[in-house]
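Heads up, the thing below is written out as structure tokens.
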Amino acid sequence: MKLLSLIPHWHRWQDVVITRANAIAPNGRSYFSTHITARCRSCGQTLHRIHYRDISDAQARRWLG
Ligand SMILES: [Zn+2]
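The following block contains the structure:
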């Protein structure tokens, strides 16, 4: 583990992949959803998020912070 990962920081997401597919939401309904995966350049942490609606790539990237 790199020392950097122990220091609080704003994750710097890279390798952002945005895909869209149907997904079952926690409420049991199926939605055409936006899947976002990314990896932090500083600590290597990976992120997987599902937004249960179709959002644009720009919105998805903003959502990463
Ligand atoms: Zn990080």
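The working numbering numbers the first residue of the sequence shown as 86 and each following residue consecutively. Glycine included, C-beta positions come from ideal geometry on N, C-alpha and C.
Item, Value
"Residues surrounding ligand 1 [beta-carbon distance to nearest heavy atom under 6 Å]", "His94, His96, Cys125, Ser127, Cys128, Gln130"
"Cβ separation of Leu149 and Ala123, assumed to be a contact under 8 Å, to the nearest whole Å", "6 Å"
"Straight-line Cα distance separating Val102 from Tyr116", "19 Å"
"Coil, strand or helix - Trp98 by DSSP", "strand"
"Residues near Arg146 in its chain [Cβ-Cβ closer than 7 Å; skip 5 each side]", "Val101"
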